[in-house]
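A.B. asks:
2 protein chains.
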Amino acid sequence: MTNSQSIENYLKVIFNQAIATDDVNTTSIAQALEVSLPSVNSMVKKLAGMGLLEYEKYKPLKITAKGRKMAAMIIRKHRLTEMYLVEKMGFGWEEVHEIAEQLEHIQSVAFFDRMDEILGFPERDPHGSPIPNSSGEFATQKFRLLSDCQPNELVTLKALSKTTDEFLKYLNSKGLALGVEVEILKVEAYDKNMKVAYGGKTEVLSALVCSKLLVS
Amino acid sequence: MTNSQSIENYLKVIFNQAIATDDVNTTSIAQALEVSLPSVNSMVKKLAGMGLLEYEKYKPLKITAKGRKMAAMIIRKHRLTEMYLVEKMGFGWEEVHEIAEQLEHIQSVAFFDRMDEILGFPERDPHGSPIPNSSGEFATQKFRLLSDCQPNELVTLKALSKTTDEFLKYLNSKGLALGVEVEILKVEAYDKNMKVAYGGKTEVLSALVCSKLLVS
DNA sequence: TTAAATAGTTAGATTTGACTAACAAATTTA
DNA sequence: TAAATTTGTTAGTCAAATCTAACTATTTAA
Ligand SMILES: [Mn+2]
Ligand SMILES: [Mn+2]
Ligand SMILES: [Mn+2]
Ligand SMILES: [Mn+2]
Numbered sequence: 009m010t011n012s013q014s015i016e017n018y019l020k021v022i023f024n025q026a027i028a029t030d031d032v033n034t035t036s037i038a039q040a041l042e043v044s045l046p047s048v049n050s051m052v053k054k055l056a057g058m059g060l061l062e063y064e065k066y067k068p069l070k071i072t073a074k075g076r077k078m079a080a081m082i083i084r085k086h087r088l089t090e091m092y093l094v095e096k097m098g099f100g101w102e103e104v105h106e107i108a109e110q111l112e113h114i115q116s117v118a119f120f121d122r123m124d125e126i127l128g129f130p131e132r133d134p135h136g137s138p139i140p141n142s143s144g145e146f147a148t149q150k151f152r153l154l155s156d157c158q159p160n161e162l163v164t165l166k167a168l169s170k171t172t173d174e175f176l177k178y179l180n181s182k183g184l185a186l187g188v189e190v191e192i193l194k195v196e197a198y199d200k201n202m203k204v205a206y207g208g209k210t211e212v213l214s215a216l217v218c219s220k221l222l223v224s
Numbered sequence: 009m010t011n012s013q014s015i016e017n018y019l020k021v022i023f024n025q026a027i028a029t030d031d032v033n034t035t036s037i038a039q040a041l042e043v044s045l046p047s048v049n050s051m052v053k054k055l056a057g058m059g060l061l062e063y064e065k066y067k068p069l070k071i072t073a074k075g076r077k078m079a080a081m082i083i084r085k086h087r088l089t090e091m092y093l094v095e096k097m098g099f100g101w102e103e104v105h106e107i108a109e110q111l112e113h114i115q116s117v118a119f120f121d122r123m124d125e126i127l128g129f130p131e132r133d134p135h136g137s138p139i140p141n142s143s144g145e146f147a148t149q150k151f152r153l154l155s156d157c158q159p160n161e162l163v164t165l166k167a168l169s170k171t172t173d174e175f176l177k178y179l180n181s182k183g184l185a186l187g188v189e190v191e192i193l194k195v196e197a198y199d200k201n202m203k204v205a206y207g208g209k210t211e212v213l214s215a216l217v218c219s220k221l222l223v224s
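Residue numbers (our numbering), protein chains in the order written: chain A, 9 to 224; chain B, 9 to 224.
1. Take Gly144(B) and list the residues in its own chain whose beta-carbon comes closer than 8 Å to its own, dropping the five residues that flank it on each side.
2. Evaluate Ile27(A) with the Cβ neighbour count: other Cβ atoms within 10 Å of its Cβ, from every protein chain shown; 16 or more gives buried, anything less gives exposed.
3. Can you check whether the CB of Ser12(A) is closer than 7 Å to the CB of Gln25(A)?
4. Going by C-alpha to C-alpha distance, which of Gly98(A), Ile107(A), Thr72(A), Leu69(A) sits closest to Arg87(A)?
5. Is any heavy atom in ligand 2 found nearer than 6 Å to the beta carbon of Asn17(A)?
6. Whole-angstrom Cβ separation of Leu41(A) and Tyr18(A), contact assumed at under 8 Å?
7. Can you name, in chain order, every residue of its own chain whose Cβ lies under 7 Å from the Cβ of Asp173(A), other than the five neighbours on each side?
8. Would you call the CB atoms of Lys203(A) and Leu216(A) closer than 7 Å?
9. Would you decide whether Lys20(A) is buried or exposed? Buried here means 16 or more other CB atoms lie within 10 Å of its CB.
10. For Glu102(A), which three-state DSSP category applies?
11. Does DSSP put Tyr206(B) in a helix, in a strand, or in coil?
12. What in chain A is Cβ-close to Met1(B), meaning under 7 Å?
13. Can Val223(B) and Arg152(B) be called in contact, C-beta distance under 7 Å?
14. Within 6 Å: the Cβ of His105(B) and any heavy atom of ligand 3?
15. Is it the case that the stretch 180 to 193 of chain B contacts the stretch 155 to 166 of chain B, given that we only count it when at least three CB pairs across the two stretches are under 8 Å?
16. So within the stretch 170 to 198 of chain A, which uninterrupted beta strand (DSSP E) runs reach at least 3 residues, ignoring any that extend past its ends?
17. Mind checking if Ile107(B) is an interface residue toward chain A, Cβ cutoff 7 Å exclusive?
18. Mind checking whether Ser155(B) and Ser219(B) have CB atoms under 7 Å apart?
19. Please specify which runs of the beta strand (DSSP E), each continuous and at least 3 residues long, are wholly inside the stretch 133 to 169 of chain B, giving them in chain order.
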């Protein structure tokens, strides 16, 4: 095999960080993957040798077009899997990430293309993140943070940012799901807590929660 | 992770060989996995250290109850996957083995139990091999070889032995599938070719083919 | 029943992907 | 701007899983 799981996991992290900040630093990769800095350093050299990154000592890393393409295909597999698990196998959105983290390394284009077909070529995964198509292209539409919205706005929950299974369980307990319409009633000046209304009830959401909800 | 893919692949091969011959030898493992004898030797010692095998220098290997149980769970994952790919994702029986070879290493009991449930707890995979249940038990019903049948017998194709994707494609081309009723018309004394009738036509099947078809 | 062939083992090397310890460069802060 | 802190690199080690070469035990055949 030319690509190990390890290589794929590094590449995916680097790609995701590159979306946010364009150039990427070693320490943040180490944190994301929970490995030591020297491990990152040596893998980065290998990835550069494979033409997936540009690397110069002490300079920030840049992902190449080839690296982006390859990363997009891994993310495609991850997100299609999550969507398939939720839509076709009855898992909850809080149960699928860990399974997808493993399935994304399966080497069978046909397997994922079949998932895609069965799902009707979805553009977003169960958490609202875009699913790259089989050419590696994907929606770049940006949503607003709920925490940037003002009182009296009426918005729709579209996606989540930096989600964890625990956060998803919290959202379940509050009846918050993608597509829910939320009206902002009041923003507390002191701590930015938001009083909101949705699904026929009112709730108070913390600033932390509001900063992870993407709306339009 | 306590079990690597490599460990799982060895254990599965050893289990399958143990079904056929009770005790297993190093060389046949090496051939099945296409690795060198020393590689097998060192892995066997490791598996013995894990309590999955009994190993004494120069003696045939024996799989322990613990080893059998673990192997059965891997085979369960493999065969459930094959069944799911065929029944729920529209793959042909000749397309699923290689994908299952990878998916069998996914560490999520829930994922495979959900497949099992969706499939209605099938007892056999698309090739007629028994699927262990979630406790590791499975049907041990033995079928006859078509090559052991006599003229004028009417039998049903139930399973395949030592199948490959190429053999499955050959069966497709001949319209042979599990459940097909086959009547033996004549056995050629010289080369054991069989003249058979099924699906409203007659065909001549070679001894090689007949020795891979399991019937009842 | 010895010799030849086969099967299994040991020793030592290699690759991959991790690690720690030590150090060097870059950045921040005083 | 010099010192302190943070970030990144190098060197060297380790474990897992593989290999080849050399050797030993067991089995088969002359
Ligand atoms: Mn995910
Ligand atoms: Mn992964
Ligand atoms: Mn198979
Ligand atoms: Mn496998």
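Ideal placement from N, C-alpha and C gives every residue a C-beta, glycine not left out.
C.D. replies: Judging by the given coordinates:
1. Arg76, Lys77, Ala80, Met81, Arg84
2. exposed
3. no
4. Ile107(A)
5. yes
6. 7 Å
7. Glu102, His105
8. no
9. buried
10. coil
11. strand
12. Since the first residue shown for chain B is 9 and the last is 224, residue 1(B) is missing from the structure and cannot be characterised.
13. yes
14. yes
15. yes
16. 189 to 195
17. yes
18. yes
19. 162 to 168
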